[in-house]
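Worksheet: the structure to be examined is printed underneath.
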Amino acid sequence: MSTPASDAPVSLPDFPLGTDVELLTSAPGGLLAFNKPAGVLSHPNMNSEQPRALLTCEYRLNGECYRWTDAAGTVRHLWLLNRLDSHTSGVILAVLDNPDLAKAVRALFLHKHVKKTYHALVFGKPSQAQEVWKDRLEIEKRGGQVRTKAGHGIPSESHVRVLRQRKEASPPLALIELTPRTGRSHQLRVQCAHRRLPIVGDATYGDFGANRALAKASGVKRLCLHSHSTHFDYEHAGRTVKFHALAPTPKAFLDLLGV
Numbered sequence: 007m008s009t010p011a012s013d014a015p016v017s018l019p020d021f022p023l024g025t026d027v028e029l030l031t032s033a034p035g036g037l038l039a040f041n042k043p044a045g046v047l048s049h050p051n052m053n054s055e056q057p058r059a060l061l062t063c064e065y066r067l068n069g070e071c072y073r074w075t076d077a078a079g080t081v082r083h084l085w086l087l088n089r090l091d092s093h094t095s096g097v098i099l100a101v102l103d104n105p106d107l108a109k110a111v112r113a114l115f116l117h118k119h120v121k122k123t124y125h126a127l128v129f130g131k132p133s134q135a136q137e138v139w140k141d142r143l144e145i146e147k148r149g150g151q152v153r154t155k156a157g158h159g160i161p162s163e164s165h166v167r168v169l170r171q172r173k174e175a176s177p178p179l180a181l182i183e184l185t186p187r188t189g190r191s192h193q194l195r196v197q198c199a200h201r202r203l204p205i206v207g208d209a210t211y212g213d214f215g216a217n218r219a220l221a222k223a224s225g226v227k228r229l230c231l232h233s234h235s236t237h238f239d240y241e242h243a244g245r246t247v248k249f250h251a252l253a254p255t256p257k258a259f260l261d262l263l264g265v
């Protein structure tokens, strides 16, 4: 038998949520989905970063787990299942007080049984309404920084669909849906830039002049990349749970398109 995950927002009063972090939905076994704002860290790397993190409490890097004591004096644990760059907003998953389920869902991510879609606002005019992007990406880690470029590296694939376009105004903008089939570092940002469709606000791979001009005209200074939805099936208590979490497209993206 299968059990659908609840789509209704839930409220946990003792949760030490970070600034503007929204709890989207919960599912059997303690699986939770959050909507992480741009600028919030998936987790702190040091104690001084806790106020900027998904939860404002202790984080253990070796276990990839948040830890705090609730109002009743109970020690709680929240295992992080995936990460988003600090500048990327949207769906991020965790498991509350259930290390076995955390291990199982992490395995689903590892074996590519989790489907994720992203929304990106890009400069330019996509040539096709739908297409598949296949590239080889070279990834370098130097001085704690990750840099990726298209070249002769690891095969990378994303499925792309155009959702909306602003063709007449200058500069032209498009809202696209990206479904990565591989999970390389900075994959979506580099694949967009490689096709002369840089993501708005991308300070590493983007069009810096266009970013400055649009930020000055609109006040929007964020990276316009958003983890829109995540879905997969998992087993709990002898049943298959169909899980789906969705974080709506940020209003700033739609405002720039004139929607």
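Taking this note's numbering, the leading residue of the sequence shown gets 7, the next gets one more, and so forth.
For each residue, glycine too, the CB sits at the ideal point set by N, CA and C.
{"Check": "Can you tell me whether residue 107 is buried or exposed? The criterion is at least 16 other CB atoms within 10 Å of its CB, across all chains shown.", "Outcome": "buried"}
{"Check": "At a cut of 8 Å, does the segment 37 to 48 reach the segment 88 to 104 through at least three beta carbon pairs?", "Outcome": "yes"}
{"Check": "If you drop the 5 nearest sequence neighbours on each side, which residues of the same chain put their C-beta closer than 6 Å to that of residue 242?", "Outcome": "34 and 35"}
{"Check": "Among residues of its own chain, excluding the 5 on either side of residue 112, which ones have a beta-carbon nearer than 7 Å to its beta-carbon?", "Outcome": "87"}
{"Check": "To which residues of the same chain is residue 26 closer than 8 Å at the C-beta, ignoring the five residues directly before and after it?", "Outcome": "43 and 46"}
{"Check": "From which residue to which residue does the alpha helix (DSSP H) around residue 200 run?", "Outcome": "193 to 200"}
{"Check": "Just the C-alpha distance for residue 175 and residue 261, rounded to the nearest angstrom, thanks.", "Outcome": "13 Å"}
{"Check": "Quick one: what does DSSP say residue 239 is sitting in, helix, strand or coil?", "Outcome": "strand"}
{"Check": "In angstroms, rounded to a whole number, what distance separates the CA positions of residue 58 and residue 121?", "Outcome": "27 Å"}
{"Check": "Does DSSP put residue 104 in a helix, in a strand, or in coil?", "Outcome": "coil"}
{"Check": "Take residue 220 and list the residues in its own chain whose beta-carbon comes closer than 6 Å to its own, dropping the five residues that flank it on each side.", "Outcome": "none"}
{"Check": "So what does DSSP say about residue 60, is it helix, strand or coil?", "Outcome": "coil"}
{"Check": "Could you tell me which of 159, 72 and 96 sits nearest to residue 30, measuring between CA atoms?", "Outcome": "96"}
{"Check": "Tell me which same chain residues have a C-beta within less than 6 Å of the C-beta of residue 65, skipping the five on either side of it?", "Outcome": "49, 50 and 72"}
{"Check": "What did DSSP end up calling residue 216 once you bin it into helix, strand or coil?", "Outcome": "helix"}
{"Check": "Candidates 165, 160 and 206: which alpha carbon is nearest residue 180's?", "Outcome": "206"}
{"Check": "Given a cut-off of 8 Å, decide if residue 230 and residue 259 are closer than it, judged by their beta-carbon atoms.", "Outcome": "yes"}
{"Check": "By Cβ distance below 6 Å, which residues in the same chain neighbour residue 74 in space, the five residues on each side in sequence not counted?", "Outcome": "22, 63 and 82"}
{"Check": "Roughly how far, in whole angstroms, is the beta-carbon of residue 173 from the beta-carbon of residue 118, given that I think they are within contact range, below 8 Å?", "Outcome": "Not really, about 35 Å apart at Cβ, beyond 8 Å."}
{"Check": "Roughly how many angstroms separate the alpha carbons of residue 135 and residue 169, rounded to a whole number?", "Outcome": "8 Å"}
{"Check": "With C-beta atoms as the reference, is residue 99 less than 8 Å away from residue 39?", "Outcome": "yes"}
{"Check": "Express the C-alpha separation of residue 186 and residue 192 in angstroms, rounding to a whole number.", "Outcome": "11 Å"}
{"Check": "For residue 125, count the other beta carbons within 10 Å of its own beta carbon; 16 or more makes it buried, fewer makes it exposed. Which is it?", "Outcome": "buried"}
{"Check": "Name the residue from 80, 114 and 28 whose alpha carbon lies nearest to the alpha carbon of residue 253.", "Outcome": "28"}
{"Check": "Determine, using beta carbons only, whether residue 195 and residue 182 come nearer to each other than 8 Å.", "Outcome": "no"}
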